[in-house]
Amino acid sequence: LATSEFLTHLPKCEHHVHLEGTLEPSLLFQLAHRNNIQLPDDFPKSVEALQYRYQNFKDLQDFLNLYYVGMSVLITEQDFEDLAWAYLEKSSKQGLKHVEAFFDPQGHVDRGIDLELVIGGFRKALVRAEKELGMSTKLIMCLLRHLPPSEGLATIKSFAPYYKKGWIHGMGLDSSEVEFPPELFTSCYQYARSSLPKEVHYTAHAGEEAGSDYVRRSLKCLGISRIDHGVHSADDPELMKQLAERDIMLTVCPLSNKRLQVVDDVSQVPIRKFLEYGVPFSINSDDPAYFGGYILDNYLAVQEAFKLNVDEWIKIAKNSVRGSWVSEKRKKDLY
Ligand code: HPA
Ligand code: ZN
2 LATSEFLTHL PKCEHHVHLE GTLEPSLLFQ LAHRNNIQLP DDFPKSVEAL
52 QYRYQNFKDL QDFLNLYYVG MSVLITEQDF EDLAWAYLEK SSKQGLKHVE
102 AFFDPQGHVD RGIDLELVIG GFRKALVRAE KELGMSTKLI MCLLRHLPPS
152 EGLATIKSFA PYYKKGWIHG MGLDSSEVEF PPELFTSCYQ YARSSLPKEV
202 HYTAHAGEEA GSDYVRRSLK CLGISRIDHG VHSADDPELM KQLAERDIML
252 TVCPLSNKRL QVVDDVSQVP IRKFLEYGVP FSINSDDPAY FGGYILDNYL
302 AVQEAFKLNV DEWIKIAKNS VRGSWVSEKR KKDLY
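Just so you know, we're using full-length UniProt numbering here: the sequence shown kicks off at 2 and counts up by one.
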């Protein structure tokens with residue numbers, strides 16, 4: 002049996018995808034034209050040149066610099082809807098059944114875009130995917146950690162009505178990691194947990210470029226139930242035991258780790274160690290337009306590197322359903 006066929010049909014859940022990171026070069030140039038946006042002088046001039054640039058990120062910051070320029074072409078509600086829909090349609094063909102998608106509101110509001118239209122556009126695409134593609138979907142708002150925590154707090158306050166309506170289901174933390182340790186955001190998470198509906202879930206990027214201590218410290222000070230990336234947890238056996246015992250899922254992004262030079266090769270992502278320790282993890286695309294692959298491409302890259310057997314894949318798929326922020330009824334459908 003062709004493993005690629007098995008992996009294509011395996012029902013998949015994605016817990017780590019930034020909707021702004023699904024902006025394909027072709028759509029980026031199309032929207033720049035549609036909205037009359039002048040890209041910086043040193044920005045690659047063609048789809049091919051941009052794709053080539055994406056294959057040569059030095060590190061997370063080098064990627065983020067381009068990612069924030071990319072965002073600047075998103076202006077109207079239709080842009081946000083088109084962006085998310087393109088991702089959902091493509092991923093559905095790769096066997097995606099459930100998605101919990103991140104977005105970075107501060108990256109839009111700070112350049113004068115109305116929050117209502119960011120959420121509105123994303124929501125239209127997600128609701129359409131539920132109807133037409135049979136997917137379940139959730140939205141997670143992320144705070145940008147390179148901005149002051151006081152601005153994070155104001156962002157949480159501006160989101161309160163959307164959390165109450167049930168349009169936003171989680172809160173996360175992303176952007177430049179090493180210089181902005183988790184403790185900076187203790188009060189943001191504390192405020193969110195005390196003021197938002199109790200059904201809201203909490204996660205944070207940790208242990209992508211920073212070491213396992215950021216994972217440990219994020220768990221300690223942010224009150225989160227999941228870790229995004231977390232690959233460096235594998236350097237700390239005690240932490241690995243804690244993750245397994247507390248059933249903290251890591252949302253691992255193999256092709257992202259390779260493109261951002263977190264690892265030299267997908268085979269260095271500690272998949273076997275996670276399996277050995279019983280640390281639950283899911284496999285995700287992170288910023289698929291920038292890192293050369295959507296959800297199935299990430300599954301295939303793991304398979305090529307690790308040659309997992311069917312039982313191991315079923316275990317991974319089941320853990321990924323179990324760690325999803327959905328009802329028990331929906332989980333049964335997804336298993
Ligand atoms: N890490 C941190 N911030 C991000 C990422 C990431 O992988 N993708 C988009 N924002
Ligand atoms: Zn990410």
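Backbone N, C-alpha and C fix where the C-beta goes; we use that ideal spot for every residue, glycine too. Quantities reported herein were computed from a predicted structural model and do not represent experimental measurements.
Here the distance from the Cβ of His19 to the nearest heavy atom of the ligand ZN is below 7 Å. Per DSSP, the beta bridge partners of Tyr203 are Met172.
Distances taken from the Cβ of Glu178 to the heavy atoms of the ligand HPA include one shorter than 7 Å.
With 16 or more other Cβ atoms inside 10 Å of its own Cβ, Ala130 counts as buried.
Non-local C-beta neighbours of Asp237 in its own chain, meaning closer than 6 Å and more than five positions away in sequence, comprise Ser213, ordered along the chain. Counting along the chain, Ala102 sits inside the beta strand (DSSP E) bounded by residues Leu97 to Phe104.
For Leu174, the closest C-alpha among the options Gly293, Leu261 and Arg146 is that of Arg146. Per DSSP, the unbroken beta strand (DSSP E) holding Met142 starts and ends at Ser137 to Leu145.
Counting the other CB atoms within 10 Å of its CB gives Gly294 a total of 16 or more, which places it among the buried residues. The three-state secondary structure of Thr77, taken from DSSP, is coil. By the neighbour-count criterion, in which a residue is buried when 16 or more other Cβ atoms sit within 10 angstroms of its Cβ, Gln107 is buried.
Taking Ala302 as the centre and dropping the five residues before and after it, the same chain places the C-beta of Pro255, Leu256 and Val267 closer than 6 Å to its C-beta, in chain order.
Counting the other Cβ atoms within 10 Å of the Cβ of Gly22 gives 16 or more, which makes it buried. Contact annotation: Ser73 and Arg112 have beta-carbon atoms nearer than 8 Å. For the options Glu313, Leu197 and Ala85, the alpha carbon positioned closest to that of Leu8 is the one of Glu313.
Distances from the CA of Leu20 to each of Ser92, Ala318, Thr4 and Phe44 were compared; the closest alpha carbon is that of Ser92. Look at Asp229: its beta carbon is less than 7 Å from one of the heavy atoms in the ligand ZN. When beta bridges are read from the DSSP output, Glu15 appears opposite Val100. His233 counts as buried, since no fewer than 16 other beta carbons sit within 10 angstroms of its beta carbon. Membership of Asp229 in any alpha helix (DSSP H) is not indicated; the residue belongs instead to the beta strand (DSSP E) covering Arg227 to His230. In the three-state DSSP reduction, Ser286 falls in the coil class, being neither helix nor strand.
In the DSSP assignment, Met241 is bridged to no other residue. Counting the other CB atoms within 10 Å of its CB gives Asn37 a total below 16, which places it among the exposed residues. Just measuring C-alpha positions, the residue of Val179, Tyr300, Thr187 and Lys308 sitting nearest Gly153 is Thr187.
The beta carbon of Pro150 sits closer than 7 Å to the beta carbons of Leu185, Phe186, Ser188 and Cys189 from its chain, once the five residues preceding and following it are set aside; these are given in chain order. A residue is called buried when at least 16 other Cβ atoms come within 10 angstroms of its Cβ; Asn57 does not meet this threshold and is exposed.
Distance from the C-beta of Asp288 to the nearest heavy atom of the ligand HPA is below 7 Å.
Spanning the alpha carbons of Glu117 and Phe160 requires a straight line of approximately 10 Å. As the crow flies, the alpha-carbon of Thr252 is around 33 Å from that of Pro41. Per the C-alpha coordinates, the member of Ala155, Glu133, Lys132 and Ile120 positioned closest to Leu140 is Ile120. Relative to the ligand HPA, the nearest heavy atom lies less than 7 Å away from the CB of Asp175. Every alpha helix (DSSP H) of 4 residues or more that sits fully in the region 250-335 is shown, in chain order, as 255-260, 272-278, 289-292, 296-307, 311-323 and 329-335.
Taking 7 Å as the cut-off, the C-beta of Gly22 counts as close to a heavy atom of the ligand HPA.
The three-state secondary structure of Ile38, taken from DSSP, is coil. Taking a C-beta distance under 8 Å as the contact criterion, Ala102 and Val18 qualify as a contact pair. Selection Phe64, Ile284, Ser325 and Gly224 evaluated against Gln191 yields Gly224 as nearest (Cα-Cα).
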